[in-house]
Amino acid sequence: MYGNAYIETDGSKVHSILADEDPIKLAEFEARIAAGDKIEPKDWMPKEYRKQLVRMIEQHAHSEIIGSLPEGTWITRAPGFRRKLALMAKVQDEVGHAQLLYSAAETLGKSREDMVNDLINGKSKYSNVFNYPAPTWADSAVIAWLIDAGAIVNQLANSKGSYGPYCRALDRICAEESFHLKYGHDNVVFLATGTPVQRQMVQEALNRWWEPIMHFFGPPDKASQHSEILMRWKVKMGSNDSMRQTFLNMYVPKIWDLGLTLPDPNLRKNEESGQWEYTEPNWDTFKQVINGNGPCNKERLAVRRMAEEKGRWVRKALLSKSDAYVTPLA
Amino acid sequence: MEFTERHVEGLKELLYKMADDLLIIGHRNSEWTGLGPMLEEDIAFSSMAQDKIGQSLALFELLHELGESDPDTVAFTRNAPQFHCSQLVELPIGEYDFSMVRHFFFDHAEAIRFEMLSETVFEPLAMVAKKFKGEIKYHTMHADIFMQKLAAGGEESFGRMQQAINENFGLALGMFEPGDFEAELIEAGIFGGEAELQQRWLDKVVPLLTSYGYMVPSVDAVEPAFGGRKGVHTPNLQPLLDEMTEVFSIDPGADW
Chain Z
98 MYGNAYIETD
108 GSKVHSILAD
118 EDPIKLAEFE
128 ARIAAGDKIE
138 PKDWMPKEYR
148 KQLVRMIEQH
158 AHSEIIGSLP
168 EGTWITRAPG
178 FRRKLALMAK
188 VQDEVGHAQL
198 LYSAAETLGK
208 SREDMVNDLI
218 NGKSKYSNVF
228 NYPAPTWADS
238 AVIAWLIDAG
248 AIVNQLANSK
258 GSYGPYCRAL
268 DRICAEESFH
278 LKYGHDNVVF
288 LATGTPVQRQ
298 MVQEALNRWW
308 EPIMHFFGPP
318 DKASQHSEIL
328 MRWKVKMGSN
338 DSMRQTFLNM
348 YVPKIWDLGL
358 TLPDPNLRKN
368 EESGQWEYTE
378 PNWDTFKQVI
388 NGNGPCNKER
398 LAVRRMAEEK
408 GRWVRKALLS
418 KSDAYVTPLA
Chain R
2 MEFTERHVEG
12 LKELLYKMAD
22 DLLIIGHRNS
32 EWTGLGPMLE
42 EDIAFSSMAQ
52 DKIGQSLALF
62 ELLHELGESD
72 PDTVAFTRNA
82 PQFHCSQLVE
92 LPIGEYDFSM
102 VRHFFFDHAE
112 AIRFEMLSET
122 VFEPLAMVAK
132 KFKGEIKYHT
142 MHADIFMQKL
152 AAGGEESFGR
162 MQQAINENFG
172 LALGMFEPGD
182 FEAELIEAGI
192 FGGEAELQQR
202 WLDKVVPLLT
212 SYGYMVPSVD
222 AVEPAFGGRK
232 GVHTPNLQPL
242 LDEMTEVFSI
252 DPGADW
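Quick mapping for you: the protein sequence lines, in order, are chains Z and R.
If you want the working numbering, it's the 1-based position in the first sequence plus 97.
If you want the working numbering, it's the 1-based position in the second sequence plus 1.
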């Protein structure tokens, strides 16, 4: 599950970045992308393209493994065989997505080990949404439905991007995520139409998750030369605001249909513009959480670090002296 | 032959202990999700856990057909003294060495158990046993590869694995604690019995471990950890059950 990439929108360096590139190769590269071609690992690409893709795919991969933690804690508590089996399979899929995505990022020249080290050292980010706790079963249901839904909005757009290995990984990921969404929706429906206790549980979870969900798509768009280039290169496929609008349009009516409410009195669709109006979530909170001060940042990284540390001897034992590192090709 | 009441009691006892073993080991294996030494092992343990929980469900369904409560009620409302799992499966996942050795010991026993049960005269059990065999084949393959690789993976790795084998051999033998109906089950052709299973298991795991370079404790020198089949458990089981039933018990009558 992943929202939008935290791509730098500082436009001041754009000219110097492109100044280093061969203008003829750059023009050919841009013409291929404009024609809808996919860029493959061995193809020529601008340094900035490679850098931003590694960053984006890596953040996506990290989000999948960190995202398995808040949901994973509910596997051992899932009520009944049906939910237990489904949640196990769902979280396993998320870990599998990380595996696919690390491989896709590796095609650009950064090893999985380096990426994981950057994650646990705090150098590399993951989706902010996983820095919030999931204190009840209903939180896990809301995550599986609405965070996965948000992720699909983003990932479907990105699967039309320009980098072949990432697009192919996303095609498969989206197919699996659509099952997660069905699982999450089914789960929320059972709670929303269940006993008063179940209903209250899911309403409270929804209230808790609304701001993180609004944050999920990233801060409001600011035009900059840099993001224009990334859009032209089909690295960034949609603006944060347009993704947020797509999500609101698809899911707010479904939430209201279940008789659930959302904690924003200003949330409504403007029938004239076709756009949803809402109260801006607190973006200072968002920045605080990204910078490590969210409710679970420390815990999430500590768990990941512990897992890496505890597993070190196993990885060391499995390393063969005769095998050399090979970059995956696709 | 016609099943007497004691045959049916014996069959239920057999089904309960297998279903409980599978539920609890599946639950434990699922705890590796997100925490494995590498992503591929998170995924492998989760796959095996899903198979185990699915197998457990199939056995609880057979019990339901024999007049017991529905699977969710049976699995999610009993306390530790009503559980018939072996003590081996209830221990926390601990370090990867322990989890791997447990996986190796348990899955070889399961593979042989369901091989034996694929010939049982109780046809519904024979059918599920045949299905399970196909799944467990991959579990033992996974365990064998890792037991071998970790034996050859240097001093620390070998030392950890050998120690886990030594410390858990008695717990593994606890899986073969005889039930109250061994004679009836053998006589009726329902199951060949725990003693035969243990012997076949030893014939399988001892040569394998030896071929990987491990020392295997002598059966006579180790006290088997009996008790689990009779509801006597380590202090680890009840907290596991409290956690497993935490949501279900908010309202056991609700649809979740």
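Even for Gly, the Cβ is constructed at its ideal location relative to N, Cα and C.
Rounded straight-line distance, which links the Cα of residue 16 of chain R to that of residue 251 of chain Z
Translated into positions along the first sequence, residue 251 of chain Z becomes position 154. Translated into positions along the second sequence, residue 16 of chain R becomes position 15. Approximately 47 Å, taken between the alpha carbons.
Determine, using beta carbons only, whether residue 205 of chain Z and residue 138 of chain Z come nearer to each other than 8 Å.
Residue 205 of chain Z sits at position 108 when you count from the first residue of the first sequence. Residue 138 of chain Z sits at position 41 when you count from the first residue of the first sequence. In this structure, residue 138 of chain Z lies closer than 8 Å to residue 205 of chain Z by Cβ.
On the premise that residue 291 of chain Z lies in contact with residue 256 of chain R, defined as a C-beta separation below 8 Å, what is that separation, rounded to the nearest angstrom?
As a working mapping, residue 256 of chain R is identified with position 255 in the second sequence. As a working mapping, residue 291 of chain Z is identified with position 194 in the first sequence. So it is a contact: roughly 6 Å between Cβ atoms.
Return no unless some Cβ of chain R is closer than 8 Å to the Cβ of residue 410 of chain Z.
The count along the first sequence starts at 1 and reaches residue 410 of chain Z at position 313. Using a Cβ-Cβ cut-off of 8 Å, residue 410 of chain Z counts as an interface residue toward chain R, since at least one Cβ of chain R sits closer than that to its own.
Is residue 270 of chain Z helix, strand or coil when you go by DSSP?
Here residue 270 of chain Z is taken as the residue at index 173 of the first sequence, counted from 1. Helix at residue 270 of chain Z.
Please list, in chain order, all residues of the same chain as residue 185 of chain R whose beta carbon is under 7 Å from its beta carbon, the five residues on each side excluded.
Along the second sequence, one-based indexing puts residue 185 of chain R at 184. Here the set comprises 7, 8 and 11.
Own chain, CB closer than 6 Å to residue 58 of chain R, minus 5 neighbours either side, in chain order:
The residue labelled residue 58 of chain R in the question sits at position 57 within the second sequence. Closer than 6 Å at the Cβ level, and outside the excluded window around residue 58 of chain R, lie 72.
Uninterrupted alpha helix (DSSP H) stretches inside the segment 148–222 of chain R (no shorter than 4 residues)
156–174, 183–189 and 195–213
Select from Z:165, Z:272, Z:244 and Z:305 the residue whose C-alpha is nearest the C-alpha of residue 397 of chain Z.
Numbered from 1 along the first sequence, position 300 holds the residue referred to as residue 397 of chain Z. Residue nearest to residue 397 of chain Z within the set Z:165, Z:272, Z:244 and Z:305 is Z:165 (criterion: CA-CA distance).
Contact check, residue 169 of chain Z vs residue 39 of chain R, beta carbons under 8 Å
On the first sequence, position 72 is the one that residue 169 of chain Z refers to. On the second sequence, position 38 is the one that residue 39 of chain R refers to. No. Outside cutoff.
Would you report the Cα separation of residue 274 of chain Z and residue 247 of chain Z, rounded to the nearest angstrom?
Within the first sequence, the letter at position 177 stands for residue 274 of chain Z. Within the first sequence, the letter at position 150 stands for residue 247 of chain Z. So the alpha carbons of these two residues sit roughly 10 Å apart.
With a floor of 4 residues, list each alpha helix (DSSP H) that falls wholly inside the segment 163–243 of chain Z, ordered by position along the chain.
Note on the segment 163–243 of chain Z: whole alpha helix (DSSP H) runs with a minimum of 4 residues are 178–203, 209–217 and 234–239, in chain order.
Helix, strand or coil for residue 130 of chain Z? Go by DSSP, reduced to three states.
Position 33 of the first sequence, counted from the start, is the residue given in the question as residue 130 of chain Z. Collapsing the DSSP output to three states places residue 130 of chain Z in a helix.
State the Cα-Cα distance for the pair residue 269 of chain Z and residue 416 of chain Z, rounded to the nearest angstrom.
Sequence index remark: in the first sequence, residue 269 of chain Z carries index 172 (1-based). Sequence index remark: in the first sequence, residue 416 of chain Z carries index 319 (1-based). Each residue's alpha carbon lies about 29 Å from the other.
Any idea which residues DSSP pairs residue 373 of chain Z with across the strands?
The residue you call residue 373 of chain Z lines up with position 276 of the first sequence. Bridge partners of residue 373 of chain Z: Z:366.
Find the nearest neighbour of residue 127 of chain Z within the set Z:118, Z:243, Z:230 and Z:329, judged by alpha-carbon distance.
Position 30 of the first sequence, counting from 1, holds the residue named residue 127 of chain Z. Nearest option by C-alpha distance: Z:329.
How big is the Cα-Cα spacing for residue 148 of chain Z and residue 217 of chain R?
Counting from one through the first sequence, the residue named residue 148 of chain Z turns up at place 51. Counting from one through the second sequence, the residue named residue 217 of chain R turns up at place 216. Rounded to the nearest angstrom, the two C-alpha atoms are 53 Å apart.
Within 8 Å (strictly less), CB to CB, does residue 256 of chain Z reach chain R?
Counting from 1 along the first sequence, the entry for residue 256 of chain Z is found at position 159. Not closer than 8 Å to any Cβ of chain R, the Cβ of residue 256 of chain Z fails to qualify, so no.
When Z:401, Z:424 and Z:333 are compared against residue 214 of chain Z, the one with the closest alpha-carbon
Counting from 1 along the first sequence, the entry for residue 214 of chain Z is found at position 117. It is Z:401 whose Cα lies nearest to the Cα of residue 214 of chain Z.
If you count every other CB in all the chains shown that lies within 10 Å of the CB of residue 142 of chain R, and 16 or more means buried, which is it?
The sequence position of residue 142 of chain R within the second sequence is 141, counting from 1. Counting Cβ neighbours within 10 Å, residue 142 of chain R comes out exposed, since fewer than 16 surround it.
Since residue 355 of chain Z and residue 421 of chain Z should fall inside the 8 Å C-beta cutoff, what is the C-beta to C-beta distance between them, to a whole number of angstroms?
Stepping through the first sequence from its first residue, residue 355 of chain Z is reached at position 258. Stepping through the first sequence from its first residue, residue 421 of chain Z is reached at position 324. Between residue 421 of chain Z and residue 355 of chain Z the Cβ distance is about 55 Å, and since that is not below 8 Å, they are no contact.
Give a yes or no on whether 8 Å exceeds the smallest Cβ distance from residue 79 of chain R to chain Z.
Position 78 of the second sequence, counted from the first residue, corresponds to residue 79 of chain R. Judged by the 8 Å Cβ criterion, residue 79 of chain R is not in contact with chain Z.
Quick one: any contact between the segment 39–51 of chain R and the segment 69–89 of chain R, if contact means 3 or more CB pairs under 8 Å?
Three or more Cβ pairs closer than 8 Å define a contact, and the segment 39–51 of chain R falls short of that threshold against the segment 69–89 of chain R.
Hey, how far is the Cα of residue 118 of chain R from the Cα of residue 133 of chain R?
On the second sequence, residue 118 of chain R is found 117 positions in, with the first residue counted as 1. On the second sequence, residue 133 of chain R is found 132 positions in, with the first residue counted as 1. If you take the alpha carbons of residue 118 of chain R and residue 133 of chain R, they lie about 10 Å apart.
Whose C-alpha, out of Z:131, Z:194, Z:374 and Z:293, is nearest the C-alpha of residue 272 of chain Z?
Your numbering for residue 272 of chain Z matches position 175 in the first sequence. The option with the nearest alpha carbon to residue 272 of chain Z is Z:194.
What are the residues that DSSP puts in a beta bridge with residue 136 of chain Z?
Within the first sequence, the letter at position 39 stands for residue 136 of chain Z. Under DSSP, residue 136 of chain Z shares a beta bridge with Z:260.
For residue 193 of chain R, is the classification buried or exposed, using 16 other Cβ atoms within 10 angstroms of its Cβ as the cut-off for buried?
Sequence index remark: in the second sequence, residue 193 of chain R carries index 192 (1-based). Under this definition residue 193 of chain R is a buried residue.
Give the DSSP-derived three-state secondary structure of residue 78 of chain R in the structure shown.
On the second sequence, position 77 is the one that residue 78 of chain R refers to. It is helical.
In angstroms, rounded to a whole number, what distance separates the CA positions of residue 406 of chain Z and residue 231 of chain R?
In the first sequence, residue 406 of chain Z corresponds to position 309, counting from 1. In the second sequence, residue 231 of chain R corresponds to position 230, counting from 1. Their backbone Cα atoms lie some 39 Å apart in a straight line.
Nearest-angstrom beta carbon gap, residue 239 of chain R and residue 80 of chain R [assumed within contact, 8 Å]:
On the second sequence, residue 80 of chain R is found 79 positions in, with the first residue counted as 1. On the second sequence, residue 239 of chain R is found 238 positions in, with the first residue counted as 1. Going by Cβ atoms, the distance from residue 80 of chain R to residue 239 of chain R rounds to 7 Å, so yes, they are a contact pair.
Buried or exposed for residue 189 of chain Z, going by 16 or more other Cβ atoms inside 10 Å?
Position 92 of the first sequence, counted from the start, is the residue given in the question as residue 189 of chain Z. Residue 189 of chain Z comes out buried.
Short Cβ contact (8 Å threshold) for residue 154 of chain Z with residue 223 of chain Z:
For the purposes of this step, residue 154 of chain Z is identified with residue 57 of the first sequence, where counting begins at 1. For the purposes of this step, residue 223 of chain Z is identified with residue 126 of the first sequence, where counting begins at 1. Not in contact: residue 154 of chain Z and residue 223 of chain Z (Cβ atoms no closer than 8 Å).
Three-way DSSP call (helix, strand, coil) for residue 234 of chain R in this model:
The count along the second sequence starts at 1 and reaches residue 234 of chain R at position 233. In this structure, residue 234 of chain R counts as coil in the three-state DSSP scheme.
Check distances from the C-beta atoms of the segment 289–316 of chain Z to those of chain R and list, in chain order, the residues that come in under 7 Å.
Cβ contacts with chain R come from 291, 292, 294 and 295.
So is residue 306 of chain Z buried or exposed if we call it buried at 16+ other beta carbons inside 10 Å?
For the purposes of this step, residue 306 of chain Z is taken as the residue at position 209 of the first sequence. Residue 306 of chain Z is buried by the Cβ-count criterion.
Leaving out the 5 sequence neighbours to the left and right, which residues in its chain are closer than 6 Å to residue 277 of chain Z when beta-carbon positions are compared?
In the first sequence, the residue the question calls residue 277 of chain Z occupies position 180. Once the five neighbours on either side are set aside, the close Cβ partners of residue 277 of chain Z are 187, 241 and 245.
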